[in-house]
Amino acid sequence: MTKLILLLAVVAIAALAVTGIAGQITRKRTPRALAPGSTPAAATRPAEDRAMRFAQLRAVAAVALAIVLFVAMFRLSIGMTGLVGLPVALAAGFSASAGLLLYSALPPAKLPAAAKSSAVLVRREPWSFAPRRAFAIPLASMAAFVLFLVATGITSSPDEQGRYRQISIATADTASSAGPYPGWFYGIPLIVATLVLAASAYLALRRIAGAPALPDPRMARLDRRWREISTRVVLRLATGAFLGYFGGTAVFGGMAMMGVSRNIATEGPTQPLFALGAACTALGAALAVTGVVLLARAFWDAVSIRTSVRQEKPEPVAAP
Amino acid sequence: MITVDESSPVPPFEQIREQLGDLIRTGAMEAGQRLPSIRQLAGDLRVAAGTVARAYSELEAAGLLELSRATGARVRPGHDVPENIRRAAADFAAGARDQSLTLEEALGVVRAQWRQT
Numbered sequence: 518m519t520k521l522i523l524l525l526a527v528v529a530i531a532a533l534a535v536t537g538i539a540g541q542i543t544r545k546r547t548p549r550a551l552a553p554g555s556t557p558a559a560a561t562r563p564a565e566d567r568a569m570r571f572a573q574l575r576a577v578a579a580v581a582l583a584i585v586l587f588v589a590m591f592r593l594s595i596g597m598t599g600l601v602g603l604p605v606a607l608a609a610g611f612s613a614s615a616g617l618l619l620y621s622a623l624p625p626a627k628l629p630a631a632a633k634s635s636a637v638l639v640r641r642e643p644w645s646f647a648p649r650r651a652f653a654i655p656l657a658s659m660a661a662f663v664l665f666l667v668a669t670g671i672t673s674s675p676d677e678q679g680r681y682r683q684i685s686i687a688t689a690d691t692a693s694s695a696g697p698y699p700g701w702f703y704g705i706p707l708i709v710a711t712l713v714l715a716a717s718a719y720l721a722l723r724r725i726a727g728a729p730a731l732p733d734p735r736m737a738r739l740d741r742r743w744r745e746i747s748t749r750v751v752l753r754l755a756t757g758a759f760l761g762y763f764g765g766t767a768v769f770g771g772m773a774m775m776g777v778s779r780n781i782a783t784e785g786p787t788q789p790l791f792a793l794g795a796a797c798t799a800l801g802a803a804l805a806v807t808g809v810v811l812l813a814r815a816f817w818d819a820v821s822i823r824t825s826v827r828q829e830k831p832e833p834v835a836a837p
Numbered sequence: 027m028i029t030v031d032e033s034s035p036v037p038p039f040e041q042i043r044e045q046l047g048d049l050i051r052t053g054a055m056e057a058g059q060r061l062p063s064i065r066q067l068a069g070d071l072r073v074a075a076g077t078v079a080r081a082y083s084e085l086e087a088a089g090l091l092e093l094s095r096a097t098g099a100r101v102r103p104g105h106d107v108p109e110n111i112r113r114a115a116a117d118f119a120a121g122a123r124d125q126s127l128t129l130e131e132a133l134g135v136v137r138a139q140w141r142q143t
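Sequences listed follow chains A and B, in order.
Just so you know, we're using this note's numbering here: the first sequence kicks off at 518 and counts up by one.
Just so you know, we're using this note's numbering here: the second sequence kicks off at 27 and counts up by one.
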């Protein structure tokens, strides 16, 4: 457990360091904005590009940090055999959280004070830039995950060291155990990781809503589009990482269920458990693949913000 | 939309207070409508948060807004000008523009008429 705390401390320090360096760079660079005064009738493409560069930088930095941290944590976790896979289970959630925290920690682009500035009187909320279902689906999945972990926690049993990480069945003739099974040993840290991920996503969405509007009123559409696309990046990054470890957990849980029912008998009351295990494994694999697809799409969205903002018809955000 | 002109002799908080007050009285902002948070409006207008906070609290003192820590700023009901007055003002503003009067000149006419009646 000490190694795990050390690993998390290293991750936190790395996230803070990146945040600090990024903040310094932002402060030193000249402000990005259109100069007030004599400007053509429509905002020019280079001016729009300049305004969008920071939005893109922030999204790419968040996704890139999440990927780098995940790879680093995964490699370090493999060596921690004493924790029987717990760091691996937590790697996706914590690395995505770190990326999202970096996103919310980076200050908005500093824009010069124009002689005349304007503001629309519409309140921007963290949920203003995507349809309601784009938030409802991840939240419902998180609730389902917590219920799944509570169910597996209740049905788990301790191993030789007293860690609730296996499933056991005893009949009149024989007893059998199988693992790793997402009992309380994995379940409680995974619930904490999920809550941290949800909070990190909320902070990033708040940052998107709270960033000052682009100074040029002609860029109103652009201003809304970068917020919509950035919201999509945050939702896809958070949901992708979450589905990745939800899927992995379900696969391992399902395999343990199948294993223990296979050890006991080929027929009888344990057969439903085998079927449940097979369903969990298949569903888990599907969730994990969906998670990877969402992560790839988050990365693509992040790197293509500058071209996407010019698409006339916004891409629906139905499934994050 | 509201604007803040830094070159104007009118202080920014007064510009914000005046424009919001006008929008509420003319019914452009309906009763119960939520305003942007102080931080959001200050960021968009490139002014200090205290400037917007002062404008909001003066509007609250005037009974036009209600401020709450939980829900932010909301328009209080019962302050919009009657429909016939708004229509007359719209006609007057259109006529003044047709005659190329400035806003100050148009308001001067109203002030003069106000004193006479």
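For every residue, glycine included, the Cβ atom is placed at its ideal position computed from N, Cα and C.
- Look at the Cβ atom of LEU49/B, then the Cβ atom of ALA636/A, and state whether they are nearer than 8 Å. no
- Query: If you draw a straight line from the C-alpha of LEU67/B to the C-alpha of ALA796/A, how long is it?
  - Reply: 51 Å
- Is there contact here, the region 612-628 of chain A with the region 566-576 of chain A, by at least three beta-carbon pairs under 8 Å? yes
- Item | Proximal residues of chain B, C-beta to C-beta of VAL639/A below 8 Å | PRO62
- ARG141/B versus LEU133/B - alpha carbon distance: 12 Å
- Distance, ARG567/A Cα to ARG549/A Cα: Residue placement at ARG549/A is flagged as unreliable, the pLDDT there being 38, under the threshold of 50; the coordinate-derived value follows with that caveat. Cα-Cα distance, rounded: 6 Å.
- Task: Consider the Cβ of ALA632/A: report whether some Cβ of chain B lies at a distance smaller than 8 Å.
- Result: yes
- Item | PRO643/A versus ILE654/A, PHE702/A, GLY696/A and LEU720/A, residue with shortest Cα-Cα distance | LEU720/A
- Task: State the beta-bridge partners of GLU92/B as determined by DSSP.
- Result: ARG100/B
- Message: Please report the straight-line C-alpha distance between GLY776/A and ALA695/A, rounded to a whole angstrom.
- Response: 6 Å
- Decide if the region 576-588 of chain A is in contact with the region 610-617 of chain A; the criterion is three or more beta carbon pairs, one per stretch, under 8 Å apart. yes
- Query: Among PRO35/B, ARG95/B, GLN41/B and ARG51/B, which has the Cα closest to the Cα of ALA115/B?
  - Reply: ARG51/B
- Query: Can you name the residues of chain A whose CB is closer than 8 Å to the CB of ILE28/B?
  - Reply: SER635, ALA636 and LEU638
- What are the start and end residues of the alpha helix (DSSP H) that includes SER693/A? Careful: SER693/A lies outside any alpha helix (DSSP H), inside the beta strand (DSSP E) at 692-695.
- Can the beta-carbon of GLU80/B be found closer than 8 Å to that of LEU91/B? It should be pointed out that residue 80/B corresponds to Arg in this sequence rather than to Glu. It is not a contact, given that the beta carbons lie outside the stated cut-off.
- Message: Report the CB separation of GLN683/A from SER673/A in whole angstroms; it is logged as a contact under 8 Å.
- Response: 7 Å
- Query: Using a C-beta cutoff of 8 Å, does PRO643/A count as contacting chain B?
  - Reply: no
- Task: Kindly indicate if chain A contains any beta-carbon less than 8 Å away from that of GLY69/B.
- Result: yes
- May I ask you to list the residues that DSSP assigns as paired with THR29/B? SER635/A
- Query: Taking the alpha carbon of MET27/B as the point to measure from, which residue in MET55/B, PRO37/B, ALA120/B and ASP106/B has its own alpha carbon closest?
  - Reply: MET55/B
- Check whether the Cβ of SER658/A lies closer than 7 Å to any heavy atom of the ligand HEM, and answer yes or no. Among the components of this structure there are no ligands whatsoever, and the ligand HEM is therefore not found.
- Task: Can you give me, in chain order, the residues of the region 722-736 of chain A that have a beta carbon less than 9 Å from any beta carbon in chain B?
- Result: ALA726, GLY727, ALA728, PRO729, ALA730, PRO732 and PRO734
- Element boundaries [alpha helix (DSSP H), containing GLN45/B]: 38-51
- LEU603/A burial status per 10 Å Cβ neighbour count (16 or more: buried): buried
- Take GLY679/A and list the residues in its own chain whose beta-carbon comes closer than 8 Å to its own, dropping the five residues that flank it on each side. none
- Beta-carbon proximity of LEU812/A to GLY764/A, cut-off 8 Å: no
- Query: Can you name the residues of chain A whose CB is closer than 9 Å to the CB of ASP31/B?
  - Reply: ALA632, LYS633 and SER634
- Taking the beta strand (DSSP E) that GLN683/A falls in, what are its first and last residues? 681-687
- Task: Could you spell out where the alpha helix (DSSP H) holding MET775/A opens and where it closes?
- Result: 737-781
- Take ALA606/A as the anchor and find which of GLY770/A, MET774/A and ILE746/A has the nearest alpha-carbon. GLY770/A
- Task: Give the C-beta separation of ASP818/A and VAL750/A to the nearest angstrom, bearing in mind that I take them to be a contact with Cβ-Cβ under 8 Å.
- Result: 5 Å
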